[in-house]
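Chemist: One gets the working numbering by counting positions in the sequence shown from 1 and adding 9 to each. Even glycine gets a Cβ: it sits at the ideal position worked out from N, Cα and C. Bear in mind the structure is a predicted one, so any value in this text is a computation, not a measurement. Take this structure, written in C-alpha cells, and hold onto it; I'll ask about it next.
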Amino acid sequence: MRHSQGLFCVKRTLQSAILFAFVILPSVARADELVVWNFNDSNLIADRGTGTLTTTVNPANITFLPGSLLLARMGDPAGLALAFESGTGLQNNGAILEFRVSTLGFQNIVVSWVNQRSEGGLTFLAIEGSIDGTNFFSLGGFGIGSANNDLGTGLIFSSGDATLFYNNPNFAIRLIMTGATDPNGTIRFDNIAVEGTPCEDSVCGVHPTMPEPTTMLLLGTGLVAVGIKIRRRKSIIDVSSKKN
Ligand SMILES: [Ca+2]
Ligand SMILES: [Ca+2]
Numbered sequence: 010m011r012h013s014q015g016l017f018c019v020k021r022t023l024q025s026a027i028l029f030a031f032v033i034l035p036s037v038a039r040a041d042e043l044v045v046w047n048f049n050d051s052n053l054i055a056d057r058g059t060g061t062l063t064t065t066v067n068p069a070n071i072t073f074l075p076g077s078l079l080l081a082r083m084g085d086p087a088g089l090a091l092a093f094e095s096g097t098g099l100q101n102n103g104a105i106l107e108f109r110v111s112t113l114g115f116q117n118i119v120v121s122w123v124n125q126r127s128e129g130g131l132t133f134l135a136i137e138g139s140i141d142g143t144n145f146f147s148l149g150g151f152g153i154g155s156a157n158n159d160l161g162t163g164l165i166f167s168s169g170d171a172t173l174f175y176n177n178p179n180f181a182i183r184l185i186m187t188g189a190t191d192p193n194g195t196i197r198f199d200n201i202a203v204e205g206t207p208c209e210d211s212v213c214g215v216h217p218t219m220p221e222p223t224t225m226l227l228l229g230t231g232l233v234a235v236g237i238k239i240r241r242r243k244s245i246i247d248v249s250s251k252k253n
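Listed below in C-alpha cells is the structure:
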C-alpha cells in the first residue's frame, strides 16, 4: 500500500516537472556506457552494452536512413539511423519508442540521442520515465525545431528525486511521437545511449537524503537540452527505500 501511495506521489511530482531547453556543450560526461544503439547494423539490437529497444510504429514504416556523427561514441561511424515514416493516414502519430536499461550499480544516469525530422515527419516528443518498468510518468517533452538537421537531446538524472532512477533494474524511458503531417515524412534517431557512473554506497546503498530539488540538465555542444526540475517530496523516500 505504501508502495502504491509512493508511486502516486512520484507521478504527481514528475508531472509537475518544469521543462526547458537550451544549447549545451559537447561532451556528455565522463561516464560508463550502459548501452548504445548506433543502428549501423540496421536493427534494434543494442550495439554495445545491454538494453532493449522497442517501438509501436508500424513495422512497414520502420527503415534505416543515413546516420549521424553527433554524439557518436568510441569512433562509431555515422552509418545508419533508425527512421520512422509517418505512415498512411499518419497512422504513426502517437507511436512509442521505448528503451529499457538496467541501471543496477550506476548513478548519475544520462540518457542522450540524436534526432532529425524531415518536413511532415513526427516532430513532437513527449518523454516519460519509469522506475518500476510498468508505470510511466511524464518527464516533459519538446518539439524538434528545424527540419533536416541533426539535433542532440539528453536527460541528466542527478540528485533529489532523480536518484529513484539510480541502481534500478526497471529503468525505462519512452518517447511518444506526434505531430506528423505528411505520410512520407520521417523522424530518425541515432546514437541512443544510456550512461552512468559507478554507484557510491552513500547514494545507492541507502535511500537518498534528497538535499536539493532535483535538476536534470543536458550537457554538450550543439545539443538541445531538456532539463527537468522536480520538487522534492518526502513521500518519495518511501518508494526509494523499497528499491534497495
Ligand atoms: Ca544493432
Ligand atoms: Ca549510426
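In the DSSP output, which residue or residues are listed as bridge partners for residue 186?
Modeler: According to DSSP, which records beta bridges pairwise, residue 186 is partnered with 104 and 134.
Chemist: Compute the Euclidean distance between the alpha carbons of residue 79 and residue 49, then round it to the nearest angstrom.
Modeler: The straight-line gap from Cα to Cα measures roughly 14 Å.
Chemist: For residue 173, which three-state DSSP category applies?
Modeler: Reduced to three states, the DSSP call for residue 173 is helix.
Chemist: Bridge partners for residue 81 per DSSP, in chain order?
Modeler: Paired residue(s): none; residue 81 is not in a bridge.
Chemist: Check whether the Cβ atoms of residue 131 and residue 90 lie closer than 9 Å to each other.
Modeler: Not in contact: residue 131 and residue 90 (Cβ atoms no closer than 9 Å).
Chemist: Can you list, in chain order, the residues of its chain whose CB lies under 6 Å from that of residue 117, leaving out five sequence neighbours each side?
Modeler: So the list reads 167, 205 and 206, once near-sequence residues are dropped.
Chemist: Rounded to whole angstroms, what is the Cα-Cα separation between residue 208 and residue 174?
Modeler: Going from the Cα of residue 208 to the Cα of residue 174 covers about 12 Å.
Chemist: Measure the C-alpha to C-alpha separation of residue 199 and residue 123 and round it to an integer number of angstroms.
Modeler: If I take the Cα positions, the gap works out to 5 Å.
Chemist: To which residues does DSSP link residue 115 through a beta bridge?
Modeler: Answer is 207, bridged to residue 115.
Chemist: Would you mind stating whether residue 74 and residue 135 have Cβ atoms separated by less than 9 Å?
Modeler: Not a contact, by the Cβ cut-off of 9 Å.
Chemist: Would you tell me roughly how many angstroms separate the C-alpha atoms of residue 83 and residue 76, rounded to the nearest one?
Modeler: Cα to Cα, residue 83 sits roughly 15 Å from residue 76.
Chemist: Determine the closest residue to residue 113 out of 160, 99, 59 and 107, with distance taken between C-alpha atoms.
Modeler: Per the Cα distances, 59.
Chemist: Between residue 146 and ligand 4, is the CB less than 8 Å from at least one heavy atom?
Modeler: Among the ligands present in this structure, namely ligand 1 and ligand 2, ligand 4 is not found.
Chemist: Compute every distance between the C-beta of residue 93 and the non-hydrogen atoms of ligand 2, then say whether any falls below 8 Å.
Modeler: No, ligand 2 has no heavy atom inside 8 Å of this Cβ.
Chemist: In the DSSP assignment, what residue or residues form a beta bridge with residue 150?
Modeler: Note: residue 150 sits in a beta bridge opposite 135.
Chemist: Near residue 61, what residues of its chain come up, given a Cβ to Cβ distance below 6 Å and the 5 sequence neighbours on each side ignored?
Modeler: Once the five neighbours on either side are set aside, the close Cβ partners of residue 61 are 109.
Chemist: Please list, in chain order, all residues with a C-beta atom less than 5 Å from at least one heavy atom of ligand 1.
Modeler: Working through the chain, the matches are 50, 52, 54 and 56.
Chemist: Just mark residue 158 as buried or exposed, buried being the case when its beta carbon has 16 or more other beta carbons within 10 Å.
Modeler: Its Cβ having fewer than 16 others within 10 Å, residue 158 is exposed.
Chemist: To the nearest angstrom, report how far apart residue 43 and residue 203 are at their CA atoms.
Modeler: Looking at the two C-alpha atoms, the distance is approximately 6 Å.
Chemist: From 45, 212, 53 and 195, pick the residue whose C-alpha is nearest to that of residue 127; which is it?
Modeler: Looking at the Cα atoms, 195 is the closest of the given residues.
Chemist: Sort out for me which residues DSSP pairs residue 42 with in a bridge.
Modeler: According to DSSP, which records beta bridges pairwise, residue 42 is partnered with 204.
Chemist: Does ligand 2 have a heavy atom nearer than 8 Å to the CB of residue 84?
Modeler: No, Cβ of residue 84 sits at least 8 Å from all heavy atoms of ligand 2.
Chemist: What is the DSSP secondary structure of residue 98, counted as helix, strand or coil?
Modeler: Here residue 98 sits in helix by DSSP.
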